[in-house]
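Reading through the C-alpha cells given below for one structure.
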C-alpha cells in the first residue's frame, strides 16, 4: 500500500518505491530518500521521491530505521 502522506517521509529514510517502468507489475526497489518531489501534502498513488542513487518513484513502504548500536547497553 502506498504511503500517501508527505509528512511521513523524510530525507535519509530507507523506503521501498515503485519505479514508473514497474508500475504495471508493482515491483519495488529499495533505497534511501534524497529528495521529496511531490509538493502536495497527499497523493493517492504515493509520494514521489528521488533516491540517493538518482532513481525516482512512488513510496510504497517506509522501512524501520536501524538502531544505533552505540546507544544499546551491553
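In our numbering, the protein residues as written are -4 to 69.
For each residue, glycine too, the CB sits at the ideal point set by N, CA and C.
Keep in mind it's a predicted model, so treat the numbers as computed, not measured.
| field | Residue interval of the beta strand (DSSP E) (run including residue 55) | value | Along the chain shown, read from residue 1 onward, the residue named residue 55 stands at position 60. Looking at the DSSP string, the run of the beta strand (DSSP E) that includes residue 55 is 51 to 57.
| query | How about residue -2 and residue 41: do their beta carbons lie closer than 7 Å? | reply | As a position in the chain shown, residue -2 is number 3, starting the count at 1. As a position in the chain shown, residue 41 is number 46, starting the count at 1. In this structure, residue -2 sits near residue 41, with a CB-CB distance shorter than 7 Å.
| field | C-alpha distance - residue 4 paired with residue 20, whole-angstrom precision | value | Here the question's residue 4 lines up with position 9 in the chain shown. Here the question's residue 20 lines up with position 25 in the chain shown. For residue 4 and residue 20, the distance between alpha carbons rounds to 24 Å.
| field | residue 64 in three-state terms, based on DSSP | value | Here the question's residue 64 lines up with position 69 in the chain shown. With a pLDDT of only 46 at residue 64, under the threshold of 50, the placement of this residue in the model should not be trusted, and no figure is reported.
| message | Using the three-state DSSP reduction, which class does residue 1 fall into: helix, strand or coil? | response | As a working note, residue 1 is residue 6 in the chain shown. DSSP places residue 1 in the helix class (H, G or I) of the three-state scheme.
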